[in-house]
Each structure stands twice: as C-alpha cells, then as structure tokens.
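For reference, the structure is listed below as structure tokens.
Number of protein chains: 2
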Amino acid sequence: MPDQLGAPIAAPLFERAAIIGVGLIGSSLARVIRRKGLAREIALHDSSDTVRGRLRELAIADHVADSAAGAVENADLVILCAPVGAMGEIAREIGPRLKAGAIVSDVGSVKSSILSAVAPHLPASVHFIPAHPVAGTEQSGPDAGFASLFLNRWTILTPPEGADPKAVALLTAFWKNTGAHVEAMAPGHHDLVLAITSHVPHLIAYNIVGTAADLEEVTQSEVIKFSAGGFRDFTRIAASDPIMWRDIFLNNKDAVLEMLGRFSEDLTALQRMIRREDGEGLEKLFTRTRAIRRSIIDQGQETAAPDFGRRPKDD
Amino acid sequence: MPDQLGAPIAAPLFERAAIIGVGLIGSSLARVIRRKGLAREIALHDSSDTVRGRLRELAIADHVADSAAGAVENADLVILCAPVGAMGEIAREIGPRLKAGAIVSDVGSVKSSILSAVAPHLPASVHFIPAHPVAGTEQSGPDAGFASLFLNRWTILTPPEGADPKAVALLTAFWKNTGAHVEAMAPGHHDLVLAITSHVPHLIAYNIVGTAADLEEVTQSEVIKFSAGGFRDFTRIAASDPIMWRDIFLNNKDAVLEMLGRFSEDLTALQRMIRREDGEGLEKLFTRTRAIRRSIIDQGQETAAPDFGRRPKDD
Numbered sequence: 014m015p016d017q018l019g020a021p022i023a024a025p026l027f028e029r030a031a032i033i034g035v036g037l038i039g040s041s042l043a044r045v046i047r048r049k050g051l052a053r054e055i056a057l058h059d060s061s062d063t064v065r066g067r068l069r070e071l072a073i074a075d076h077v078a079d080s081a082a083g084a085v086e087n088a089d090l091v092i093l094c095a096p097v098g099a100m101g102e103i104a105r106e107i108g109p110r111l112k113a114g115a116i117v118s119d120v121g122s123v124k125s126s127i128l129s130a131v132a133p134h135l136p137a138s139v140h141f142i143p144a145h146p147v148a149g150t151e152q153s154g155p156d157a158g159f160a161s162l163f164l165n166r167w168t169i170l171t172p173p174e175g176a177d178p179k180a181v182a183l184l185t186a187f188w189k190n191t192g193a194h195v196e197a198m199a200p201g202h203h204d205l206v207l208a209i210t211s212h213v214p215h216l217i218a219y220n221i222v223g224t225a226a227d228l229e230e231v232t233q234s235e236v237i238k239f240s241a242g243g244f245r246d247f248t249r250i251a252a253s254d255p256i257m258w259r260d261i262f263l264n265n266k267d268a269v270l271e272m273l274g275r276f277s278e279d280l281t282a283l284q285r286m287i288r289r290e291d292g293e294g295l296e297k298l299f300t301r302t303r304a305i306r307r308s309i310i311d312q313g314q315e316t317a318a319p320d321f322g323r324r325p326k327d328d
Numbered sequence: 014m015p016d017q018l019g020a021p022i023a024a025p026l027f028e029r030a031a032i033i034g035v036g037l038i039g040s041s042l043a044r045v046i047r048r049k050g051l052a053r054e055i056a057l058h059d060s061s062d063t064v065r066g067r068l069r070e071l072a073i074a075d076h077v078a079d080s081a082a083g084a085v086e087n088a089d090l091v092i093l094c095a096p097v098g099a100m101g102e103i104a105r106e107i108g109p110r111l112k113a114g115a116i117v118s119d120v121g122s123v124k125s126s127i128l129s130a131v132a133p134h135l136p137a138s139v140h141f142i143p144a145h146p147v148a149g150t151e152q153s154g155p156d157a158g159f160a161s162l163f164l165n166r167w168t169i170l171t172p173p174e175g176a177d178p179k180a181v182a183l184l185t186a187f188w189k190n191t192g193a194h195v196e197a198m199a200p201g202h203h204d205l206v207l208a209i210t211s212h213v214p215h216l217i218a219y220n221i222v223g224t225a226a227d228l229e230e231v232t233q234s235e236v237i238k239f240s241a242g243g244f245r246d247f248t249r250i251a252a253s254d255p256i257m258w259r260d261i262f263l264n265n266k267d268a269v270l271e272m273l274g275r276f277s278e279d280l281t282a283l284q285r286m287i288r289r290e291d292g293e294g295l296e297k298l299f300t301r302t303r304a305i306r307r308s309i310i311d312q313g314q315e316t317a318a319p320d321f322g323r324r325p326k327d328d
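For the protein sequence lines, the chains are A and B, in the order given. So the number in my numbering is just where the residue sits in the first sequence, counting from 1, plus 13. So the number in my numbering is just where the residue sits in the second sequence, counting from 1, plus 13.
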C-alpha cells in the first residue's frame, strides 16, 4: 500500500535512527523509516548472528552493527525493539554511548516495568519516552516486517512526568509519519488497557490450544480437521513469538492477573447459565457482544470481510 | 471460485431438495445445489416472512414455500437448516408430509440432542441421517451465503445404527459434490469434538468480549482502539448468530461443561505460572501451541497469510 503511506517527507526528522532488536516490529520500522525518509541514516543491531546476517542480505538499513553500543553511536533516535525482558540489559550496555539530546524509545507491550528497567541506565542528557505500537501479526523475524504495519493502528506513548515536550512532539510526529494514530497515557493505565485488549486474549488463546492438544478423547487430527468451527481463530494468536509473550506475562503480572480474574468470574457465571439452561441470559450476552465488533470495524481496526476475507463470496 | 467447485454433475442426485430454514448455511446449500446441479428442483422455506420475501428476490431456488410442510412435498432430500432448538418442532410439522424413501438430514452443530428431538417425529419410511458441515462465517441471513462455503471444509455425518447404506452413500456423494470432505462418527463423539473445536472457543470469545465491555477502569473506546493487539480476533466469532449459539449451548450442555472444565483447570495452572513467574513453563506452552497452527495451515483449514491477509505485505 505505498500510496496509503504517502510520499517521503520533505526533510528527515532525525539524522540517525538506531533500532536494537530487529524482528517483525524492528524491521517494519526500518522499512517505513526508509520509505518515508524519517531519518537520514538507519543503523540496526540484533543480538543474533543469524538475524544480522539476514539483515545484511535484506539491505533495509544503512548499517548493521555487531553491538548495540555500536549501533547507537551518534544516533539521535534509538528504538529498543527487543523482547521486554531484554530491555534493561540493553539499556545498561548502550547508556554510556548515547549521544546527548538523543530520544530513546521502545516498542514494548508493557510499560511500567520497562520504565523501571531502562530508565536507571540512561544518562540525564537523553530523553526516554516509552512507546507501544499496537500492531503486529503472528509472524516473527526480520522477513516478516513490512512498511505499512503501523498504518491506521494506534501507538501509545507513555512519557514520564517532566518529559521534554519538544522530544514528545518529535516522537509523536515520527509515529504519525509511519501512518499510526498516537495517544498518550500513563504507563499503569496502558498496562491495564493492554491486559484486556491483548495480553489476556493471548493467554486464553494459548490456553485453549494447549487444552485441545492434551485431550485423550479427541485426537489431534480431529482438532485440526474441524478447526474451522472456531478453534483456528485462536491458533493464530497462539502462534505468536513465545519469548516475547513469556516476557509480557512476567512483566505485566499484576494487570494480567487482575483482568484474568474478571474473565474467570464472568466465565463461571456463563458456565452456570449453561448448567441451569438459562437461554435468555445466554442470548442476551451473545447479542450484546455483536455491537462491539461493529464499532471495531467502523473505526478501521478490523475488516468486515467474512472470515477476514479467508473465504471470498463467489456469488 | 467457480472453477474450484467444478462443473455441474452429469445428472442430479435428487429430484427435489427442500431446505427448511434459510440463513447462511441454508442459502449456501441452495446456491451450491443449483450451481452443481445436485437436485432437479429446489424448494425453500423459512419461518420469517422477511426472509421468504428476500428469498423470492434472490431467486436462488425454484420455490419459496409458505410452510415447511409445503416445501417438503415430493422432496426426496430434506435438509433442516434451522437453529438446533427449532428442529423438533419442524420435524413434527413435516413428518406426516414426507415422501416415502426421502432422505432427511440437517446441518445442526450438535448431534445427540437433534437425533432425540427429530427422530420420533419421522415416519419409518424415511431415512434420517444427521449431518454437520463444519463451515461458516460470522455473518447470518440468506444474503450471507455463497456456493463455495463448504469447499475443503469437513462435513460430519452421524448415521444412526442400522441406517440404510445406500441412503448414507447418497448423502455422502451429495456433500462431496459441494466440495466438502466427509467423515462419519457417532453423535456423542461428534458433540465432544465440536465442544472443543467450536463451542468452547465461541463461549470464551463471547465471554471475553463481555468482560471487556463491563470494565470500569478501561473505557469501551479504548477497548475498540487497541483491539488490534489480539482482542479483535475474538470479536469475530463473538459476532455469530445469538439464537443459533444459545441453542447450541443448551443442547450440548454436558460436552461443553466437560470441555470448559478442562479449559478452566488449564487456565488456573497458567495463572499460577504467571503468579509464580515460571518463565520456563510459559515458554514451553507457548512454543508447543505453534505446531498445531502449522498443521491446521498444512491441512488447508486455514490461510498462512499474516493476520489472515488483513494486512498484505507491501515490500
């Protein structure tokens, strides 16, 4: 969708952007930065030799550095795109090498724990403004990325108290130029919102796929054959990157447990409705949930094509 | 995909097919019967005046009858496509009007309860062979149907003990000509398999959408905006027809409660892993679930396009 992303901007927002950790998100960022001309130069680093080798082949950036510290040299924008659990260690390594005045940000799916893991390692001369683009697919790695990943999706910024308004404005402009909408909120609120819109959905998807795999009465082959009845929708998100998701649950424990508690309570109530054959109660819930999907489609966060366009209508 | 459905067959399998209840599944059946020439004539009936009016406009069949009894007159294939809870009453109405030797089938998502609700009303001279095409989209109504809905999906037949092998063979041939794969199993086993591959997934999707809608700390607008983080995948199946799903849960109560019990047990274990920060256990589960998706894609029950092709790669 090159036309939807629009033409490159008139002048780069940054001289040198460094991306540390180059999977789906990091490589999509590199691609859109280049496509839109958001930085004059792009440096990448990934801790995996294999990924660095692949990045050199893909040629989506100007430099592929062998160390995180090397990548951030002279960068005025540094974005950490590693799994949440690795952020603190990276910050410790790059801290002393950061350019004064640089903006340091990230794309982690939890925000409170990142703030406390990363901030202590950064010099006072840089602007740390955490961010979270709520975008992605179930695929991982630098080949999975694409420039329009952030288009019409929301990026949440969680600037710490007293953050430099100019730095926040610049990072906001950066994300808007990737095609994203931008909203700011407190880190704790972010973690609660994402617990219900992303973390608990992933958890229950992982869980039901696990339950199905462990059954003795129903074979795995039957689960696979008859998955079009609904199950397969869960397997997509249960195919997401395991390390990334392990770190999310470990780092957003309180909000996830809180939202999971609500989910389980509601599920118990629903279970009782079935046991008591309360058809009216079931129908009422099932009718109410339709409206939310309608809003999600109306607001461009989803396609209305049946089955997500898996099965085009032929007549 | 007219080419994938193939050319019409050499001679119709049935003289007159009657479809009672014409929503997504019934109207898809009418379309594929006509497209493939599986019956010489097609008669439809729906209990809703509005739907009957629409069916006359759509002109996907030869007759739109004002009563179920009228539609089945002289039919040698009768397929009940109404919600599960309505099947018994329809059987009672059409029973006396069925042609001797006719095959009576259905498309209900539960099989044990349909057998007991329908069979007593049918004369001994007809062949009752329940069936369940595991196919569908989240959309409802006669406009939502399309001829290739069953293509590469599985249809499960649950012939009662002592069913006429010729009738079973004919119904099998019918479904194969819609493009479906066909498998036979006992009704009780069907209900267990579908409880885990379809009914419980729908239940937990309805449940989490309900949980999210009821939160006070997170606004509905936030849930909608940030739904791309995973939540929106659940809203698709939680947008399915409420009456149909109410009936499924009421009629497959035991199997659903059994499978829901397993799901909840596993979820409690997962909750404990998070509380105890058992990263290794989480990673192990999250890695295992990837393999199942791979198999579902390999066996043609799912597309591998990221996000189901919602977001095409642009570079």
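Cβ coordinates follow ideal geometry from the N, Cα and C atoms, glycine included.
Compare the C-alpha of residue i against each of the options and name the closest.
{"i": "Leu295 of chain A", "options": "B:Arg29, B:His145, B:Arg288 and B:Phe262", "result": "B:Phe262"}
{"i": "Arg301 of chain A", "options": "B:Asp227, B:His58 and B:Ile32", "result": "B:Asp227"}
{"i": "Asn87 of chain B", "options": "B:Ala30, B:Phe239, B:Thr210 and B:Phe299", "result": "B:Ala30"}
{"i": "Arg110 of chain B", "options": "B:His134, B:Ser277, B:Ala130 and B:Met100", "result": "B:His134"}
{"i": "Ala11 of chain B", "options": "A:Asp279, A:Gln233, A:Asp291 and A:Ile309", "result": "Past the edges of chain B, shown from 14 to 328, lies residue 11 of chain B, and the structure says nothing about it."}
{"i": "Leu183 of chain B", "options": "B:Thr63, B:Gly83, B:Pro25 and B:Val236", "result": "B:Pro25"}
{"i": "Glu174 of chain B", "options": "B:Ile92, B:Ile103, B:Ala268 and B:Pro143", "result": "B:Pro143"}
{"i": "Val131 of chain A", "options": "A:Glu102, A:Gln152, A:Lys112 and A:Ser122", "result": "A:Glu102"}
{"i": "Met272 of chain A", "options": "A:Ala199, A:Glu290, A:Asp204 and A:Glu54", "result": "A:Asp204"}
{"i": "Asp254 of chain B", "options": "B:Gln152, B:Val269, B:Gly66 and B:Asn265", "result": "B:Gln152"}
{"i": "Ser80 of chain A", "options": "A:Ala72, A:Val64 and A:Glu70", "result": "A:Val64"}
{"i": "Ile33 of chain B", "options": "B:Phe27, B:Gly83 and B:Ala157", "result": "B:Gly83"}
{"i": "Glu230 of chain A", "options": "B:Ala208, B:Ala157, B:Gly50 and B:Ala225", "result": "B:Ala208"}
{"i": "Phe141 of chain B", "options": "B:Ala148, B:Val117, B:Lys112 and B:Phe163", "result": "B:Val117"}
{"i": "Thr150 of chain A", "options": "A:His215, A:Pro178 and A:Ala199", "result": "A:His215"}
{"i": "Ile127 of chain B", "options": "B:Pro146, B:Met100, B:Gly158 and B:Val181", "result": "B:Met100"}
{"i": "Val91 of chain B", "options": "B:Met286, B:Val206 and B:Phe187", "result": "B:Phe187"}
{"i": "Ala318 of chain A", "options": "B:Ala199, B:Ala252 and B:Asn165", "result": "B:Ala252"}
Excluding the five sequence neighbours on either side, which residues of its own chain have a C-beta within less than 6 Å of the C-beta of residue i, listed in chain order?
{"i": "Gly201 of chain B", "result": "Ser125"}
{"i": "Ile38 of chain A", "result": "Cys94 and Val120"}
{"i": "Ile256 of chain B", "result": "Pro96"}
{"i": "Arg53 of chain B", "result": "Pro25 and Glu28"}
DSSP puts residue i in a beta bridge; with which residues?
{"i": "Trp167 of chain B", "result": "B:Val147 and B:His194"}
{"i": "Arg29 of chain A", "result": "A:Glu54"}
{"i": "Val91 of chain B", "result": "B:Ala31 and B:Val117"}
{"i": "Val77 of chain B", "result": "B:Leu57"}
{"i": "His140 of chain B", "result": "B:Ile116"}
Ordered along the chain, which non-local residues of its own chain (more than five positions away) have a Cβ less than 8 Å from that of residue i?
{"i": "Leu68 of chain A", "result": "Val35, Ser40, Leu57, Asp59, Ala74, Val77 and Pro155"}
{"i": "Ser240 of chain B", "result": "Thr248"}
Using C-beta distances below 7 Å, list every residue in its chain close to residue i, excluding the 5 sequence neighbours before and after it, in chain order.
{"i": "Phe247 of chain A", "result": "Ala218, Ile221 and Val222"}
{"i": "Ala160 of chain A", "result": "Leu18, Ser41, Arg44, Val45 and Arg48"}
{"i": "Arg166 of chain B", "result": "Pro146, Val147, Ala148 and Ala193"}
Buried or exposed, going by whether 16 or more other CB atoms sit within 10 Å of the CB of residue i?
{"i": "Gln314 of chain A", "result": "buried"}
{"i": "Pro15 of chain B", "result": "Caution applies to Pro15 of chain B, whose pLDDT of 47 falls short of 50 and renders its modelled position unreliable; the model cannot decide the point."}
{"i": "Ile22 of chain B", "result": "exposed"}
{"i": "Gly98 of chain A", "result": "buried"}
{"i": "Arg288 of chain B", "result": "exposed"}
{"i": "Ser211 of chain A", "result": "buried"}
{"i": "Lys238 of chain A", "result": "buried"}
{"i": "Pro172 of chain A", "result": "buried"}
{"i": "Ala113 of chain B", "result": "exposed"}
{"i": "Ala137 of chain A", "result": "exposed"}
{"i": "Ser122 of chain A", "result": "buried"}
{"i": "Pro178 of chain A", "result": "exposed"}
Would you say residue i lies against chain D (beta-carbon separation less than 8 Å)?
{"i": "Glu174 of chain B", "result": "Going by chain labels, chain D is absent from the structure shown, which instead holds the protein chains A and B."}
Q. Using a Cβ cut-off of 8 Å, which residues of the region 111 to 137 of chain A contact any Cβ in chain B, in chain order?
A. Ser122
Q | Residues from the region 226 to 247 of chain B in contact with chain A, defined by Cβ distance under 7 Å | A | Ala226, Leu228, Glu230, Val231, Glu235, Val236, Ile237, Lys238, Phe239, Ser240, Ala241, Gly242, Gly243, Phe244, Arg245, Asp246 and Phe247
Q. Which residues, in order along the region 26 to 55 of chain B, keep a beta-carbon less than 8 Å from a beta-carbon of chain A?
A. Arg44 and Arg48
**Q.** Short-range partners of chain A found in the region 278 to 295 of chain B, where Cβ spacing is below 7 Å
**A.** Asp279, Leu280, Leu283, Gln284, Ile287, Arg288, Glu290, Gly292 and Leu295
Q) Using Cβ-Cβ distances below 7 Å, what residues of the region 68 to 97 of chain A are close to chain B? A) none
Q) Any residues in the region 310 to 321 of chain A with a beta carbon nearer than 7 Å to a beta carbon of chain B? Which ones, in chain order? A) Gln312, Gln314, Glu315, Thr316, Pro319, Asp320 and Phe321
(Q) Against chain B, which members of the region 211 to 225 of chain A pass a CB distance test of less than 9 Å? (A) Ser211, His212, Val213, Pro214, His215, Leu216, Ile217, Ala218, Tyr219, Asn220, Ile221, Val222, Gly223, Thr224 and Ala225
Q | Under 8 Å (Cβ pairs) to chain B, residues found in the region 140 to 157 of chain A | A | Val147, Ala148, Gly149, Thr150, Glu151, Gln152 and Ala157
**Q.** Interface positions of the region 179 to 204 of chain B facing chain A (Cβ-Cβ less than 7 Å), listed along the chain
**A.** none
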